[in-house]
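Numbering (my numbering), first residue to last: 63 to 327.
See the structure below:
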């Protein structure tokens, strides 16, 4: 892989920064999915978000995967949802969510498995690298990267490990933007709100966590940024909303429809 793990991290960092400036949560992971396979030595990618199980959870595709899976049938989907052998490997509260390949987890059984046969038929792929999202409870939530020919190398796996925190940051931002979209006014109304149109997506995320009465240190840990960066975002909120402290900022945001009004808090 050109540039090795460090080079992959720098390139993925640029993609993650672009994603964190995106206002629409539905667009964050497609940005990541288009770039991530090549950074880990793969050719196509499926990402699985939310409380992903063999029966529920949303799935997205990289452009290369979408080209192969445009007409997937129910049986093949059930095989992919099962997540063999990763579902078993990552199951349990104490499981280490380190990236790994299907071949190394299942051994010789991988090539004979129904999953291997399915991805070979659908995607012309022989190997899968799992990149689970750290901090998630469900065993197959995260990314599955596919390639043909030789298995992923240790360098590919190390690159995936380096990229895990960036992927976690993108998913955290997506969840916060989803929450903001679900609990505020309609998109049409928001577009007409002058202050809202000036808030960056990252400021929206910080505002939501301020409304949860989280400290700067707690917000920094939640978003994977420094306390100093949190303070800069808070100062930006004060300036844009015309406030001077956190309580008045949250109240002002509620008045303007940027946050839902909460009863009993």
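Glycine is no exception: its CB is placed at the ideal position from the N, C-alpha and C atoms.
- Contact annotation: residue 285 and residue 267 have beta-carbon atoms nearer than 8 Å.
- In chain order, 124, 125 place their CB closer than 7 Å to the CB of residue 96, counting only its own chain and leaving out the 5 sequence neighbours on each side.
- Rounded to whole angstroms, residue 182 and residue 217 show a C-alpha spacing of 24 Å.
- When 157, 263, 202, 170 are compared, the shortest CA-CA separation from residue 90 is found for 263.
- In the DSSP annotation of this structure, the continuous segment of the beta strand (DSSP E) that includes residue 106 starts and ends at 106 to 111.
- Cβ atoms of residue 197 and residue 230 come within 8 Å of each other, at about 6 Å.
- Inclusion of residue 212 and residue 102 in the CB contact set at 8 Å is not warranted, their separation being larger than that value.
- Here residue 141 is buried. Its C-beta has 16 or more other C-beta atoms within 10 Å.
- For residue 71, the closest C-alpha among the options 82, 98, 92 is that of 98.
- By the criterion of a C-beta distance shorter than 6 Å, residue 236 is surrounded in its chain by 87, 90, once the five residues flanking it on both sides are discounted.
- Residue environment: residue 158 is assigned as exposed (fewer than 16 neighbouring CB atoms within 10 Å of its CB, all protein chains considered).
- For the options 240, 288, 305, 311, the alpha carbon positioned closest to that of residue 275 is the one of 311.
- DSSP, reduced to helix, strand and coil, places residue 295 within a helical segment of the structure shown.
- The alpha-carbon of residue 208 is positioned some 29 Å away from that of residue 238.
- Closest option to residue 146, judged by alpha-carbon separation, among 81, 203, 85, 283: 203.
- The beta carbons of residue 163 and residue 190 sit about 7 Å from each other, so the pair counts as a contact at 8 Å.
- Judged by DSSP in its simplified three-state form, residue 121 adopts strand.
- Assignment of residue 146 by DSSP, reduced to helix, strand and coil, places it in the coil class.
- Here residue 206 is actually not in contact with residue 134; their C-beta atoms are around 14 Å apart, not less than 8 Å.
- For the 8 Å CB-CB criterion, residue 290 and residue 303 do not form a contact.
- Excluding sequence positions up to five before and after residue 194, its CB lies within less than 6 Å of the CB of 152, 159, 204, all in the same chain and listed in chain order.
- When secondary structure is reduced to three states using DSSP, residue 198 falls in the coil class, being assigned neither helix nor strand.
- DSSP, reduced to helix, strand and coil, places residue 204 within a strand of the structure shown.
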